[in-house]
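Please read the structure below before turning to the comments.
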């Protein structure tokens, strides 16, 4: 199987089949997109379908993921707090104001009400993206210099079932949900992806490279499995 990389959705697996009569995209069990296409169909057909179906693909991935439950006063990422305020308005709203995510809640509704969680989630994604773009590139550059590893560029996504990925050309993709993790687990993911710039596999040599930069990687790897990259 081959793959392509999309700016928003990350790595997408391509599976060719003699039984396929047209291009079809679905969400795989690992949370990533998977495209099936006829044996000799050109890859641009997949890319064209992605471009024309982004809204549907986002909805598919949102349904696949278990969304986080929000609570008044909870911490969002590293620097935001979710604040619920009552309002006499009939429709709920949410906005980011400084380091707060303020939710205006009409009477009879709460954070679990139909549609409210989605409104809040959209603002949470914006807040996490801002934090990710502020923190992760600097931290990645620092760890790259420390480990003497190089990468081509970094980009961000949230529509992915993975914390991060590294392409063969050295592009590192990072899930903005990383900002939900403790700092030591963020470092583990960054080191993991940096190590893939040298070893595009999970061989013994790869894990030795990870261990050089993160001697406690086995603990961090175990702890990361308890977390979910969904938002």
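Numbering (my numbering), first residue to last: 4 to 234. We treat Cβ as the ideally placed atom computed from N, Cα and C, and that holds for glycine. Since the model is a prediction, treat every value here as computed from it, not as a measurement.
DSSP places residue 126 outside any beta strand (DSSP E); the residue lies instead in the alpha helix (DSSP H), whose first and last residues are 119-150. In the three-state reduction of the DSSP assignment, residue 9 falls in the strand class, which pools E and B. Checking the DSSP bridge columns, you'll see residue 100 partnered with 103. In this structure residue 204 is exposed. Its beta-carbon is surrounded by fewer than 16 other beta-carbon atoms within 10 angstroms. Taking 8 Å as the upper bound for CB-CB distance, residue 5 and residue 20 are not in contact here, some 13 Å apart.
Look at residue 195 here: in three-state DSSP terms it is helix.
Around the beta carbon of residue 83, a 10 Å sphere encloses 16 or more other beta carbons of the protein chains shown; the residue is thus reported as buried. Listed as beta-bridge partners of residue 79 by DSSP are 83. The continuous beta strand (DSSP E) containing residue 157 extends over residues 156-160. Excluding residues up to 5 positions away in sequence, 166, 184, 188, 191 and 192 lie with their Cβ nearer than 8 Å to the Cβ of residue 227 in the same chain.
Residue state for residue 208 is assigned as helix, using DSSP reduced to three classes. Assignment of beta-bridge partners to residue 14 by DSSP yields 8. Classified as exposed, residue 144 has fewer than 16 neighbouring CB atoms from the shown chains inside 10 Å of its CB. In this structure residue 180 is buried. Its beta-carbon is surrounded by 16 or more other beta-carbon atoms within 10 angstroms.
Burial check for residue 176: the Cβ neighbour count within 10 Å reaches 16 or more, so the residue is buried. With the rule of 3 Cβ pairs closer than 8 Å, the segment 139-159 counts as touching the segment 208-224.
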